[in-house]
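Asks: For reference, each letter of the sequence shown is one residue, going -22 to -1, 1 to 61 in mature numbering (1 follows the signal peptide of the UniProt record, and there is no 0).
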Amino acid sequence: MEAFIIAAVITSFALLVPAASTHTTLYVRAGNNQSQLVVGFTYIQGAAAKGAVCFDGTLPRYHFHPGSGAGANSWIVNLEVCS
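1) Please classify Ala25 as buried or exposed, where buried requires at least 16 neighbouring CB atoms within 10 angstroms.
2) Please name the residue in Arg39, Ser46, Ala30 whose C-alpha comes closest to that of Thr20.
3) Comparing C-alpha positions only, which one of Gln23, Leu37, Asn51 sits nearest to His43?
4) Please report how far the alpha carbon of Ala27 lies from the alpha carbon of Gly35, in whole angstroms.
5) Mind checking who His41 pairs with in its DSSP beta bridge?
6) For Ala30, does the three-state DSSP call read helix, strand or coil?
7) Can you grab the Cα-Cα spacing for the pair Gly49 / Leu37, in whole Å?
8) Please report the straight-line C-alpha distance between Ser46 and Ile22, rounded to a whole angstrom.
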């Protein structure tokens, strides 16, 4: 069942993000620690027009950071509750 939910979420994002849509990526600095990796949010701009928003009305967003080494072809899906 968990695998089905994850597949449904990924499919939903794929349907919401047409090739020509614009995305906004936001990076936030993590304090003074320059060595800490901070992966920005990518907001899906076209989602609101389709009614695909979070419960609080904000745009859906995701994190993406390419893997490296042995994990270069691996994915981690991080689902968060909108705030």
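Each residue gets a CB set at the ideal place from its N, CA and C atoms; glycine is no exception.
Computed from a predicted model, the values in this text were never measured in an experiment.
Replies: Short version:
1) Start at 1 with the first residue of the sequence shown, and residue 25 comes out as number 47. Label assigned to Ala25: buried.
2) On the sequence shown, position 42 is the one that residue 20 refers to. Considering only alpha carbons, the answer is Arg39.
3) For the purposes of this step, residue 43 is taken as the residue at position 65 of the sequence shown. Closest by alpha carbon: Asn51.
4) Numbered from 1 along the sequence shown, position 49 holds the residue referred to as residue 27. Numbered from 1 along the sequence shown, position 57 holds the residue referred to as residue 35. Rounded to the nearest angstrom, the two C-alpha atoms are 12 Å apart.
5) Along the sequence shown, read from residue 1 onward, the residue named residue 41 stands at position 63. Per DSSP, Phe19.
6) Here residue 30 is taken as the residue at index 52 of the sequence shown, counted from 1. Here Ala30 sits in coil by DSSP.
7) In the sequence shown, counting from the first residue as 1, residue 49 sits at position 71. In the sequence shown, counting from the first residue as 1, residue 37 sits at position 59. Rounded to whole angstroms, the separation of the alpha carbons of Leu37 and Gly49 is 29 Å.
8) Residue mapping note: residue 46 aligns to position 68 of the sequence shown, counting from 1. Residue mapping note: residue 22 aligns to position 44 of the sequence shown, counting from 1. So the two alpha carbons sit approximately 25 Å from each other.
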